[in-house]
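Visitor:
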Amino acid sequence: RQRLDILESVFTFLFAGELLINAIAHWFREFIYDGWNQFDILVVVVSVTSVAVNFFDQNSEIPGLSVLRLLRAFRVMRLFGRLGAQRRIIAAIQQSMQPVFHALVIVALIIAIYAILAVDFFHERNVLFSNLSEATFTMFQIATFEGW
Numbered sequence: 001r002q003r004l005d006i007l008e009s010v011f012t013f014l015f016a017g018e019l020l021i022n023a024i025a026h027w028f029r030e031f032i033y034d035g036w037n038q039f040d041i042l043v044v045v046v047s048v049t050s051v052a053v054n055f056f057d058q059n060s061e062i063p064g065l066s067v068l069r070l071l072r073a074f075r076v077m078r079l080f081g082r083l084g085a086q087r088r089i090i091a092a093i094q095q096s097m098q099p100v101f102h103a104l105v106i107v108a109l110i111i112a113i114y115a116i117l118a119v120d121f122f123h124e125r126n127v128l129f130s131n132l133s134e135a136t137f138t139m140f141q142i143a144t145f146e147g148w
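Numbering (UniProt numbering), first residue to last: 1 to 148.
1. Assuming the contact rule is C-beta atoms closer than 8 Å, S9 and V45 should be a hit. Round their C-beta distance to whole Å, please.
2. If distances are taken between C-alpha atoms only, which option among F15, R3, T136 comes closest to L42?
3. From F145 to F13, what distance separates their C-alpha atoms?
4. Please name the residue in L20, A135, I32 whose C-alpha comes closest to that of A108.
5. For the region 108-118 and the region 85-94, state whether three or more C-beta atom pairs, one from each stretch, are separated by less than 8 Å.
6. Enumerate, from N- to C-terminal direction, the unbroken beta strand (DSSP E) stretches of 3 or more residues contained entirely within the UniProt domain "Ion transport" (3-148).
7. Hey, how far is the Cα of A103 from the Cα of S47?
8. Under the assumption that S130 contacts H123 (Cβ atoms under 8 Å), give the Cβ distance between them as a whole number of angstroms.
9. For the candidate residues D57, W36, I106, whose alpha-carbon lies nearest to that of L83?
10. Candidates A112, L70, R125, V127: which alpha carbon is nearest F140's?
11. Classify D5 as buried or exposed, calling it buried when 16 or more other Cβ atoms lie within 10 Å of its own Cβ.
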């Protein structure tokens, strides 16, 4: 465990140093407006905060910091910002997310409408339709054929 903490500290400060060199090399004003660099700054700040908290008090835990530590897993995404082909792939994925989200909203509305109707018609006959949350879950199971 101690070796992993040392490795985490070393890599965190390497990333912080690389970020500082990158900011100086690209002039800070231009550097700060790039979305990938903003993401890098967020990841490095969270990582440095985590390392500092662990260094000063091994047993303390800042509420919510463990959730923010998950951002460190996205350090690999930094590479995509530097490679042209991957940048196009990421842009295509981002553009496709909005239509997928709209389809998801439509499906959720349809499930909600039928769940409301099921509660209204079948709340006394079947326990699966006794309230809206049970009916919504049941309608989702029916729509996805899960457990049927």
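All C-beta atoms, glycine included, are put in the ideal place defined by N, C-alpha and C.
Guide: Let me lay it out:
1. The beta-carbon distance between S9 and V45, rounded to whole angstroms, is 15 Å. This is too long to meet the 8 Å contact definition.
2. F15
3. 49 Å
4. A135
5. no
6. You should have found no qualifying run.
7. 36 Å
8. 6 Å
9. W36
10. A112
11. exposed
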